[in-house]
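There are 2 protein chains.
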Amino acid sequence: MKLASYKSGRDGQLMIVDRALQRCCPAGDLAPTMQVALDDWSNTAPRLQEHYERLCRGDHSETTDFDASKCDAPLPRSYHWADGSAYVTHVELVRKARGAEMPASFWEDPLVYMGASDAFIGPEDPVAAESEDWGIDFEGEVVVVTDDVPAGTTIEEAAEHIKLLGIVNDVSLRNLIPAELAKQFGFYQSKPWTAFAPVFVTPDELGNTWDGARLHLPLRATLNGKLIGAPNAGQDMTFDFPTLIAHCAKSRSLISGAVIGSGTVSNVGSKDGSCCLAEVRCLETIRDGRPSTPFMSFGDRIRIEMLDHEGTSVFGAIDQRITPFEPSRG
Amino acid sequence: MKLASYKSGRDGQLMIVDRALQRCCPAGDLAPTMQVALDDWSNTAPRLQEHYERLCRGDHSETTDFDASKCDAPLPRSYHWADGSAYVTHVELVRKARGAEMPASFWEDPLVYMGASDAFIGPEDPVAAESEDWGIDFEGEVVVVTDDVPAGTTIEEAAEHIKLLGIVNDVSLRNLIPAELAKQFGFYQSKPWTAFAPVFVTPDELGNTWDGARLHLPLRATLNGKLIGAPNAGQDMTFDFPTLIAHCAKSRSLISGAVIGSGTVSNVGSKDGSCCLAEVRCLETIRDGRPSTPFMSFGDRIRIEMLDHEGTSVFGAIDQRITPFEPSRG
Numbered sequence: 001m002k003l004a005s006y007k008s009g010r011d012g013q014l015m016i017v018d019r020a021l022q023r024c025c026p027a028g029d030l031a032p033t034m035q036v037a038l039d040d041w042s043n044t045a046p047r048l049q050e051h052y053e054r055l056c057r058g059d060h061s062e063t064t065d066f067d068a069s070k071c072d073a074p075l076p077r078s079y080h081w082a083d084g085s086a087y088v089t090h091v092e093l094v095r096k097a098r099g100a101e102m103p104a105s106f107w108e109d110p111l112v113y114m115g116a117s118d119a120f121i122g123p124e125d126p127v128a129a130e131s132e133d134w135g136i137d138f139e140g141e142v143v144v145v146t147d148d149v150p151a152g153t154t155i156e157e158a159a160e161h162i163k164l165l166g167i168v169n170d171v172s173l174r175n176l177i178p179a180e181l182a183k184q185f186g187f188y189q190s191k192p193w194t195a196f197a198p199v200f201v202t203p204d205e206l207g208n209t210w211d212g213a214r215l216h217l218p219l220r221a222t223l224n225g226k227l228i229g230a231p232n233a234g235q236d237m238t239f240d241f242p243t244l245i246a247h248c249a250k251s252r253s254l255i256s257g258a259v260i261g262s263g264t265v266s267n268v269g270s271k272d273g274s275c276c277l278a279e280v281r282c283l284e285t286i287r288d289g290r291p292s293t294p295f296m297s298f299g300d301r302i303r304i305e306m307l308d309h310e311g312t313s314v315f316g317a318i319d320q321r322i323t324p325f326e327p328s329r330g
Numbered sequence: 001m002k003l004a005s006y007k008s009g010r011d012g013q014l015m016i017v018d019r020a021l022q023r024c025c026p027a028g029d030l031a032p033t034m035q036v037a038l039d040d041w042s043n044t045a046p047r048l049q050e051h052y053e054r055l056c057r058g059d060h061s062e063t064t065d066f067d068a069s070k071c072d073a074p075l076p077r078s079y080h081w082a083d084g085s086a087y088v089t090h091v092e093l094v095r096k097a098r099g100a101e102m103p104a105s106f107w108e109d110p111l112v113y114m115g116a117s118d119a120f121i122g123p124e125d126p127v128a129a130e131s132e133d134w135g136i137d138f139e140g141e142v143v144v145v146t147d148d149v150p151a152g153t154t155i156e157e158a159a160e161h162i163k164l165l166g167i168v169n170d171v172s173l174r175n176l177i178p179a180e181l182a183k184q185f186g187f188y189q190s191k192p193w194t195a196f197a198p199v200f201v202t203p204d205e206l207g208n209t210w211d212g213a214r215l216h217l218p219l220r221a222t223l224n225g226k227l228i229g230a231p232n233a234g235q236d237m238t239f240d241f242p243t244l245i246a247h248c249a250k251s252r253s254l255i256s257g258a259v260i261g262s263g264t265v266s267n268v269g270s271k272d273g274s275c276c277l278a279e280v281r282c283l284e285t286i287r288d289g290r291p292s293t294p295f296m297s298f299g300d301r302i303r304i305e306m307l308d309h310e311g312t313s314v315f316g317a318i319d320q321r322i323t324p325f326e327p328s329r330g
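These protein sequence lines are chains A and B, in that order.
Using the numbering used here, the letters of the first sequence map in sequence onto residues 1 to 330.
Using the numbering used here, the letters of the second sequence map in sequence onto residues 1 to 330.
The following block contains the structure:
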């Protein structure tokens, strides 16, 4: 099934959306919000699924046209957002561009950082930044949402905890990153917002494009109408989702609604382009000695989407503009 | 006023607790949970305060004895947990013990990492770890809870967003830290749990020990009945809470219920002892060439508390045992 959250208060209103993303109905008493559904997923999911099937058959009374512009993030705020850097080829490329060796351990031990789970935004929400000098970039990623994951869960067990999938734009402020990483405490100011495509989908919707660990479809990133890249999310993902989840649950449990991200989708050689401008700039630096593609400017429009083999949008589109915010001046 | 959450489901049951931590009553329809209260704090707080005053006067009908053993964290799960390292003297000491220089910028630019806001535990909950080899340590800290903080909030404005204070044990797995920091993505597996003292208190409860930016009382950490330290949280805090909040809200807003931590409380010279074993071990290393105090073992009992000038517990006590967990073996 496919689930969205229409904007409503802090947690949104949970909506059941048909496969084609054309019609929807409120989940209503079944679960007013996505987190309520996730808190008791094993009971809630079958009942939502029943309504979903009726909706897809055209056999549901309370339906309306689905309107992505009304969407918040499918889970508007979460208690845990752990983002990996699972396409190690991307990490290697970034290092190569600045002339640094990547530690060999990066191929063995997943890189994961803790993101701001209160900073999720909807698919058409503006990306607000104080200054273009911050180096505003998009990052196209795949995410999974888990139920409760006990501490010490194995990779084999972890696969069973994947309940929903989605795609995101993990906004990065590239020019704030070097100073933050030098402090060794990870990203903080440099990772302001994460925007989500309109719907989360259950694994069964994905057919053979989902193998239980990786999603084998291209993720398309388009900036101001120009395709920047469409790397295949199923290729070159060094650490698959069960491996990332087991890593995240090594020293403690995760609670239902934890969002685990792949990091920027990237393929070896970037033959189908890139899902972030940083990678484009790294390729330019390696080729030309310096980057020529700028980061994003106010007014720029970033669209991120995943189409299935029939060309149908799986999650709906992230389609955002970059806008300035005025910091408070007290 | 003082507020706790009795264990009940995932979000607890919000309880109003009297000043002496002797009697309590459920907040009930005023706000079933702490997050519900925080989501509409400007409306909820005055009504909770009215019940609190009646409770403290002995003029409330539905009261029972307050039982800290029933407590979850006052906010059992949060959407944002940003922990500072605001006592830079501690950071300097840790560096000195390993013969490394601390960058001068650490005195100017706050260190903050993103913690696991879904991993909050109650004051008497066990600290579960798979192995003693992980180097299990406590960290005594002060935290504040904010309401909604707009992006770009100034330090002056930030003070107004502090709605509640508490104390925590930010459990650290010291032997997992070096490898994680070397990866530059910050702490993840090495920061498993954060335990909270029974109650959050509003700033007005703290009298002149709270100056709007720092809390001027010793934080007492006792391991197996032996006082490890009682440094004063108001001294040597290089970055006060408004500064930490402004740092956290530089590139985006924070939502109500964000928890901002001080990092391990530490005084120059550690004359009144330490609030973590890592600091004790650093002092030993500087003095003797190597540490002699071990990290915690299974069965150890850690108590963290803050007493006011009359010797009364302000937040109640964190009082936990270290216990092993068996990782799943699938």
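Quick reminder that beta carbons are idealized off the backbone N, C-alpha and C, glycines included.
Residue-chain proximity (residue i, chain A), Cβ-Cβ < 7 Å
i: Ser117 of chain B; result: yes
i: Met114 of chain B; result: yes
i: Trp107 of chain B; result: no
i: Asp39 of chain B; result: yes
i: His161 of chain B; result: no
i: Arg220 of chain B; result: no
i: Phe325 of chain B; result: yes
i: Gln189 of chain B; result: yes
i: Ala86 of chain B; result: no
i: Gly229 of chain B; result: no
i: Gly289 of chain B; result: no
i: Leu217 of chain B; result: no
i: Leu223 of chain B; result: no
i: Gly152 of chain B; result: yes
For residue j and residue i, the rounded distance between their alpha carbons
i: Gly263 of chain B; j: Thr63 of chain A; result: 51 Å
i: Leu3 of chain A; j: Leu93 of chain B; result: 51 Å
i: Thr323 of chain B; j: Ala129 of chain B; result: 6 Å
i: Val171 of chain A; j: Thr222 of chain A; result: 15 Å
i: Arg57 of chain A; j: Cys24 of chain A; result: 12 Å
i: Glu141 of chain A; j: Cys275 of chain A; result: 8 Å
i: Gly261 of chain A; j: Val145 of chain A; result: 9 Å
i: Arg77 of chain B; j: Asp109 of chain B; result: 28 Å
i: Ala37 of chain A; j: Val199 of chain B; result: 29 Å
i: Pro150 of chain A; j: Ala249 of chain A; result: 7 Å
i: Tyr6 of chain B; j: Ala119 of chain B; result: 16 Å
i: His51 of chain A; j: Gly257 of chain A; result: 21 Å
i: Ile255 of chain A; j: Asn175 of chain A; result: 33 Å
i: Asn43 of chain B; j: Met34 of chain A; result: 25 Å
i: Asp306 of chain B; j: Lys226 of chain B; result: Before going on, a small fix: residue 306 of chain B reads as Met here, not Asp. Distance between the alpha carbons of Met306 of chain B and Lys226 of chain B: 16 Å.
Contacting residues, own chain, Cβ-Cβ under 6 Å from residue i (five flanking each side not counted)
i: Arg47 of chain B; result: Leu30
i: Ile318 of chain A; result: Pro123, Asn169, Ala195, Ala197 and Ile304
i: Leu111 of chain A; result: Ser85
i: Ala158 of chain A; result: Pro242, Ile245 and Ala246
Own chain partners of residue i with C-beta closer than 7 Å, once the 5 adjacent residues on each side are dropped
i: Pro203 of chain B; result: Ile162, Leu165 and Trp210
i: Asp308 of chain B; result: Thr209, Leu217 and Val314
i: Phe298 of chain A; result: Glu132, Ile322, Thr323 and Pro324
i: Arg54 of chain B; result: His60
i: Leu215 of chain A; result: Val142, Leu165, Leu206, Thr209, Ala233 and Gly234
Neighbour flag for residue i against chain B, beta carbons, 7 Å
i: Ala213 of chain A; result: no
i: Leu75 of chain A; result: no
i: His80 of chain A; result: yes
i: Glu92 of chain A; result: no
i: Gly186 of chain A; result: yes
i: Leu206 of chain A; result: no
i: Lys271 of chain A; result: no
Beta-carbon proximity list for residue i, same chain, < 8 Å, skipping 5 on both sides
i: Leu173 of chain B; result: Ala129, Trp134, Gly135, Ile136, Asp137, Gln189, Ser190, Lys191 and Pro192
i: Asp288 of chain A; result: none
i: Glu156 of chain B; result: Pro242
i: Ala230 of chain A; result: Pro218, Leu219, Arg220, Ala221, Asp272 and Gly273
Residue i beta carbon near the ligand NAP (any heavy atom closer than 6 Å)
i: Ile162 of chain B; result: No copy of the ligand NAP appears in this structure; indeed no ligand is present at all.
Next item on the list: Could you say if the segment 174-191 of chain B and the segment 236-244 of chain A meet the contact criterion of at least three C-beta pairs nearer than 8 Å?
Entry: no
Notebook entry, point to check: Which residues, in order along the segment 250-264 of chain B, keep a beta-carbon less than 7 Å from a beta-carbon of chain A?
Noted result: Lys250, Ser251, Arg252, Leu254, Ile255 and Ala258
Item checked: chain A contacts from the segment 130-144 of chain B (Cβ-Cβ distance under 9 Å) -> Glu130 and Trp134
Next item on the list: Would you list, in chain order, the members of the segment 50-74 of chain B that have their beta-carbon closer than 7 Å to a beta-carbon of chain A?
Entry: none
Check: Per the contact definition of three or more C-beta pairs closer than 8 Å, is the segment 76-90 of chain A in contact with the segment 258-276 of chain A?
Finding: yes
Next item on the list: Below 7 Å between beta carbons is the criterion; list the residues of the segment 4-15 of chain A that meet it against any residue of chain B, in chain order.
Entry: Arg10
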